[in-house]
Amino acid sequence: MVTMTTRKLVGQVTPEEKQEILSLFERRNGLNELAKILTADNGELYEKLVKDMGETGTKFQSWWDRMSQKYQWESAAEGNWEINFETCEIFLVTNT
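The following block contains the structure:
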């Protein structure tokens, strides 16, 4: 069975809103990269990383929750939203 991904334009955010999620996106990616090289041997730093990853993940999800409520984007049970950082457009991505 072949899985196809579909992307449907469902909305747009302001440049300020885009900047907020871009900062969280970059921070999350940086923390994930750091997690690949940091071990639990460095206890204090490792705990700080885990805490920061949790907080950043929560803020990231909160942004999507706030924006989806504000703009009433279409959603799908097996889908997720993506943002085009250049255009501020929001897409609903689903696998069919």
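15 is the number of the first residue of the sequence shown in the working numbering; add one for each residue after it.
Note that CB positions come from ideal geometry on N, CA and C, so glycine has one too.
In this text the structure is predicted, and so the values were computed from the model without any measurement.
Problem - Nonlocal neighbours in the same chain, by C-beta distance under 6 Å from Met18, ignoring five residues either side - result: Thr110
Practice task
Compute the distance between the beta-carbons of Thr101 and Thr20, then report whether it is under 8 Å.
Solution key: no
Handout entry: Per-residue DSSP class, three states only, for Phe99
Key = coil
Handout entry: Segment limits, beta strand (DSSP E) that includes Val24
Key = 19–26
Exercise for the section: Report the three-state DSSP secondary structure of Leu52 (helix, strand or coil). Expected result: coil
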